[in-house]
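In the order they appear, the protein sequences are chains E and S. 37 is the number of the first residue of the first sequence in this note's numbering; add one for each residue after it. 9 is the number of the first residue of the second sequence in this note's numbering; add one for each residue after it. Positions of the beta carbon are idealized from the N, C-alpha and C atoms, including for glycine. Have a look at the structure below, then the notes.
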Amino acid sequence: DTEVTQTPKHLVMGMTNKKSLKCEQHMGHRAMYWYKQKAKKPPELMFVYSYEKLSINESVPSRFSPECPNSSLLNLHLHALQPEDSALYLCASSQGSGIVNTGELFFGEGSRLTVL
Amino acid sequence: GDSVTQMEGPVTLSEEAFLTINCTYTATGYPSLFWYVQYPGEGLQLLLKATKADDKGSNKGFEATYRKETTSFHLEKGSVQVSDSAVYFCALSKGGNNRKLIWGLGTSLAVNP
Chain E
37 DTEVTQTPKH LVMGMTNKKS LKCEQHMGHR AMYWYKQKAK KPPELMFVYS YEKLSINESV
97 PSRFSPECPN SSLLNLHLHA LQPEDSALYL CASSQGSGIV NTGELFFGEG SRLTVL
Chain S
9 GDSVTQMEGP VTLSEEAFLT INCTYTATGY PSLFWYVQYP GEGLQLLLKA TKADDKGSNK
69 GFEATYRKET TSFHLEKGSV QVSDSAVYFC ALSKGGNNRK LIWGLGTSLA VNP
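Below, the structure is given as structure tokens:
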């Protein structure tokens, strides 16, 4: 069983809707990530939160808005998406910085988003 | 810059065949190396890892050895099963304060009964 939990597992939304994806981890990890993945392609990094501060934004369009309410939770707010944004959105976590962090990521099962 | 190169798929094998998926990397320093697996309709799972040269990672019958001299981390399994059908991604990380995982393009494996 994955220790990173994502909800919802599936989401269908229109281009004018506002929705949110949620992610939770209880491993005490201090870094959390959002990735976007198209079928059979490697995941593409979107955002990284490190110690609850946004540390990386890979030039993601503003229609995607991340939020990290606390060290265990990560949200991705979606607004005015395009059909090409349909993808699997993966949340991941990793240990803190420094020598303890090997870079290993722990992934959730993903939220499959369809934009109509 | 840092990069990971994987053999292109798809790879199709019969059950009980031997599997090798090649992975080579380019990186400065001493990265950690990973194999992630993605089963149909699921998220990514860590399959195995190695954090220093000559380390061998192993899990579920899969093995990979971190070879610094050939900058390789090839994935092997002696006898594949239908349930091993998935997409396999090789990746590297510098770790520490570097949050970016460098991914290979993935290799799709189909195992037929």
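- A straight-line Cα-Cα distance of about 9 Å links A116(E) and F100(E).
- The C-beta separation of Y71(E) from L149(E) comes to about 13 Å, leaving the pair out of contact by the 8 Å criterion.
- Across the segment 84-107 of chain E, CB contacts with chain S closer than 7 Å involve V84, S86, S91, I92, in sequence order along the chain.
- For chain E, the residues of the segment 32-61 of chain S that bring a beta carbon within less than 9 Å of one of its beta carbons are P39, S40, F42, Y44, Q46, G49, E50, G51, L52, Q53, L54, K57, T59, in chain order.
- At least one C-beta of chain E is nearer than 9 Å to the C-beta of N106(S).
- For a Cβ distance threshold of 8 Å, residue set S40, K57, T59, S101, G103 of chain S lies close to T138(E), ordered along the chain.
- With 16 or more other CB atoms across the displayed protein chains lying within 10 angstroms of its CB, V119(S) is buried.
- Against chain E, a Cβ distance below 7 Å from L113(S) picks out P78.
- Residues R66, E88 of the same chain have their beta carbon placed closer than 7 Å to that of S107(E), with the five preceding and five following residues left out of the count.
- Boundaries of the beta strand (DSSP E) around L109(E): 109-115.
- Look at E23(S) here: in three-state DSSP terms it is coil, with no helix or strand label.
- Going by beta carbons, K58(E) and L109(E) fall inside the 9 Å limit.
- In the DSSP assignment, the residues bridged to S40(S) are S101(S).
- Within chain S, E50, G51 have C-beta atoms less than 7 Å from the C-beta of E145(E), given in sequence order.
- Collapsing the DSSP output to three states places V95(S) in a strand.
- In the DSSP assignment, L113(S) is bridged to no other residue.
- Residue state for E39(E) is assigned as coil, using DSSP reduced to three classes.
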